[in-house]
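Protein chains in written order, with full-length UniProt numbering: chain A, 1 to 302; chain B, 1 to 317. Note that CB positions come from ideal geometry on N, CA and C, so glycine has one too. Small disclaimer: the values here were computed from a predicted structure and weren't measured. Read the structure below first, then the notes.
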Amino acid sequence: MSTTTTTAAEAELAVQARQAVARSEGYWAGVWKRLRRDPLTIACAAILLLMLLAIVFAPLLAPHDPYQGSMIRRLKAIGTPNYPLGTDELGRDILTRLLYGGRLSWFIGILPVVFAFAIGSTLGILAGFMGGRVNMAIMRTTDIFYAFPSVLLAVAISGALGAGIFNAILALTLVFIPQIIRVAESVTQGVRSLDFVDAARASGASGFTIVRVHVLGNVLGPIFVYATSLISVCMILASGLSFLGLGTKPPEPEWGLMLNTLRTAIYVQPWVAVLPGVCIFVTSICFNLLADGLRQAMDVKG
Amino acid sequence: MLLYLLRRVVYAVPIALAVGFVCFMLVQIAPGDPINAIVPPDAPADVVAQVRKDYGLDKPLPVQFGLWISKVAVGDLGRSLATGRPVWSDLRSAIGNTLTLAFAASAIGFTLGCVLGGLAGTFRGSAIDRGAVGLAVAGVSVPHYWLGMVLVVVFSVQLNWLPAMGAGPGGSSDWGWDWEHVKHLVLPAVTLSVIPMGIVTRTVRGIVAEIMNQEFVTALRGKGLTRWGVFRHVVKNAAPNALAVMGLQLGYLMGGSILVETVFSWPGTGLLLNSAIFQRDLPVLQGTILVLAMFFVALNLCVDLVQTSLDPRIKRA
Chain A
1 MSTTTTTAAE
11 AELAVQARQA
21 VARSEGYWAG
31 VWKRLRRDPL
41 TIACAAILLL
51 MLLAIVFAPL
61 LAPHDPYQGS
71 MIRRLKAIGT
81 PNYPLGTDEL
91 GRDILTRLLY
101 GGRLSWFIGI
111 LPVVFAFAIG
121 STLGILAGFM
131 GGRVNMAIMR
141 TTDIFYAFPS
151 VLLAVAISGA
161 LGAGIFNAIL
171 ALTLVFIPQI
181 IRVAESVTQG
191 VRSLDFVDAA
201 RASGASGFTI
211 VRVHVLGNVL
221 GPIFVYATSL
231 ISVCMILASG
241 LSFLGLGTKP
251 PEPEWGLMLN
261 TLRTAIYVQP
271 WVAVLPGVCI
281 FVTSICFNLL
291 ADGLRQAMDV
301 KG
Chain B
1 MLLYLLRRVV
11 YAVPIALAVG
21 FVCFMLVQIA
31 PGDPINAIVP
41 PDAPADVVAQ
51 VRKDYGLDKP
61 LPVQFGLWIS
71 KVAVGDLGRS
81 LATGRPVWSD
91 LRSAIGNTLT
101 LAFAASAIGF
111 TLGCVLGGLA
121 GTFRGSAIDR
131 GAVGLAVAGV
141 SVPHYWLGMV
151 LVVVFSVQLN
161 WLPAMGAGPG
171 GSSDWGWDWE
181 HVKHLVLPAV
191 TLSVIPMGIV
201 TRTVRGIVAE
211 IMNQEFVTAL
221 RGKGLTRWGV
231 FRHVVKNAAP
241 NALAVMGLQL
251 GYLMGGSILV
261 ETVFSWPGTG
271 LLLNSAIFQR
281 DLPVLQGTIL
291 VLAMFFVALN
301 LCVDLVQTSL
311 DPRIKRA
């Protein structure tokens, strides 16, 4: 009698579970559904996509040569025929240089976060999952880097190494690794204590398998969202390093460096001089809002 | 509690040593022989050899670190390559100016952040909330060195109300709180204040909103407490966390003012760093970074201690 009631109850539960699975369209479909209802995030993604297309196809879109200047058309105002956004202190077309400059600015604004994401999440997951001495060693080392304000650390490393794109990327990667490690470690620790990890361990799965099958899928999302929000910071810092003369070197077009060289022109063509900063601002705020939107759509806390 | 405080203080010692080690390594990772950080590149070979011996640069790295840190501990940061003066003498007045700028910027940023964040947290979903959140996002996403340029264009170039650069009469060492000096402080301080404004607004909004949702606030209202009375309770609950965030922000401002100081030629540590980078003046670079980082370590410690002693809910063993 009692066995039949349990099996009946179990059968009922199984039916309910199957219905629940049929009703939900899966995690990513839900994320996409929530994103579609968020016009601000969609708008930011659209602006970023347009900017990406513009800088990828810069050679087709740019009306002039980014390096070719002329002394007779220096510092023209916005709206000059043939030079819609004016010219810089060496007579080069601003629109052209903004299009080409975006390539480097995006490159050094995103690449350090990508590297830091790869290295930082590996170390963070390792620290969070292994615990004990491994955790101690990794987390105490990040504490040291946390003792420097991030701008100062970036300036210190690239200042010591000297100017150059490679050094700037290296410095920024080192700045972001500890920040990603901290997030990765804390989410991994949260997942590690959940029941399904214990169940996997009890059924004899190795540590590597548990991480690959059960942990990665649950922690990469939150780390990814955090990394997206770092792109905004990295854009500002990377262009800031170039602004200080530490990133790209002239005559290479890059937004931060353009802002620096145009600084002397603010008494002649003030509104031309601030244009590269508008590009940095728009990119940075769009990445910031995109990260916020993703965080809400993916239901990541914090 | 006392044990926790003591442990926290003791833990700051290895951190400070490690920070010193990172600063020491800065000169090691710099391209070229570290000897170039002490003697000019055109020095004769026998002088170079003598200096190498005097400075212990022929000894193994750990020994060199020991020698360096024992000098730093008594305040000897070496000499500037560019000026030949002790690093500390230039650094002292620069730190004062950076502190002035950082305090002014935090006064503006924290006040705005607390007011905006408090209002946004109290009236969630309202127009005030959306405006505050928008300002906060703009504040953390704006390249502040660019904002500085825009402010110069508007208030110095177009309107001619405020000076665009420098720290007023007397140059770097003669600061006073009269209008002749303060008018030089306005633009850099406002520029630097947007980041803490954004972050403090976000944080305070989150904290206040969380507290307002708790049952004790409803209970306080229910027992007939005035708005002002409820407000006092909310502030008391929000204060420890909000103060911790603000303390760290002050540290970030000290370290992060390099870009703003460059825009406004503000004679602080940032401008010093900037010229050190351009002249490859490694002792000045190293000394400035070390002092700023140590300041940040000390500030971190203070924030932690204050937060622990302010918040009776934190009972760490």
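In this chain, the alpha helix (DSSP H) harbouring HIS184 of chain B covers 179 to 212. For the options A:THR188, A:GLN189, A:ILE210, A:GLN16, the alpha carbon positioned closest to that of VAL197 of chain A is the one of A:ILE210. Counting only residues of its own chain and dropping the five nearest sequence neighbours on each side, LEU301 of chain B has a CB closer than 6 Å to the CB of ALA12. Counting the other Cβ atoms within 10 Å of the Cβ of GLN50 of chain B gives fewer than 16, which makes it exposed. With respect to the C-alpha of ARG103 of chain A, the residue from A:ILE55, A:ARG192, A:PHE176, A:ASN218 having the closest C-alpha is A:ILE55.
Not a single C-beta of chain A is nearer than 8 Å to the C-beta of ILE207 of chain B. For TYR252 of chain B, the residues of chain A that pass the 8 Å Cβ criterion are PRO149, SER150, VAL151, in the order they occur in the chain. DSSP places TYR83 of chain A in the strand class (E or B) of the three-state scheme. Cβ neighbours of ALA102 of chain B within its own chain (closer than 7 Å, five residues either side excluded): LEU250, LEU253, MET254, SER257. Straight-line spacing of the CA atoms in VAL233 of chain A and GLN189 of chain A works out to 26 Å. Annotation for SER141 of chain B: the continuous alpha helix (DSSP H) segment containing it runs 127 to 141.
For VAL190 of chain B and ILE280 of chain A, the gap between their C-alpha atoms comes out near 20 Å. Among the residues facing chain B, GLY164 of chain A is not included, as its CB has no counterpart in that chain under 8 Å away.
Residue-level contact check: THR262 of chain B touches chain A, since one or more beta carbons of chain A fall below 8 Å from its beta carbon. Straight across, the Cα-Cα distance linking ALA276 of chain B with VAL154 of chain B is about 30 Å. Bounds of the alpha helix (DSSP H) holding PHE243 of chain A are 216 to 243.
As a beta-bridge residue in DSSP terms, ASP93 of chain A pairs with A:THR87.
Under the three-pair Cβ rule at 8 Å, the stretch 124 to 142 of chain B counts as touching the stretch 193 to 206 of chain B.
Interface flag for ASN237 of chain B against chain A is unset, since no Cβ pair is found closer than 8 Å. Neighbourhood of GLY277 of chain A in chain B, by CB distance below 9 Å: VAL142, PRO143, TYR145, TRP146, LEU147, MET149, VAL150, in chain order. With its beta carbon less than 8 Å from one in chain A, ASN274 of chain B belongs to the interface.
Burial of TYR146 of chain A is indicated by the presence of at least 16 other C-beta atoms within 10 angstroms of its C-beta. Secondary structure at ARG79 of chain B: strand, using DSSP grouped into helix, strand and coil.
Bridge partners of PRO86 of chain B according to DSSP: B:ARG79. Collapsing the DSSP output to three states places SER121 of chain A in a helix.
Per DSSP, HIS64 of chain A is not a residue of any alpha helix (DSSP H), being assigned neither H nor E. In the DSSP annotation of this structure, the continuous segment of the alpha helix (DSSP H) that includes TYR145 of chain B starts and ends at 144 to 151. The beta-carbon distance between PRO250 of chain A and PRO66 of chain A, rounded to whole angstroms, is 12 Å. This is too long to meet the 8 Å contact definition.
Under a criterion of Cβ atoms nearer than 8 Å, the residues of chain B adjacent to TYR267 of chain A are, in order, VAL157. For VAL175 of chain A, no chain B residue has a C-beta closer than 9 Å to its own C-beta; the minimum C-beta separation is roughly 12 Å. Looking at the backbone, the Cα of LEU275 of chain A and that of HIS144 of chain B are separated by about 14 Å. With a cutoff of 8 Å on beta-carbon distance, ILE266 of chain A and VAL157 of chain B are scored as near each other. With a threshold of 8 Å between beta carbons, ASP143 of chain A makes contact with chain B.
Of B:TRP179, B:VAL22, B:LEU220, the smallest CA-CA separation from VAL291 of chain B is found for B:VAL22.
For MET25 of chain B, the uninterrupted alpha helix (DSSP H) run begins and ends at 2 to 29, by DSSP. Between the stretch 81 to 91 of chain A and the stretch 57 to 73 of chain A there are three or more inter-stretch CB-CB distances shorter than 8 Å, so the stretches are counted as touching.
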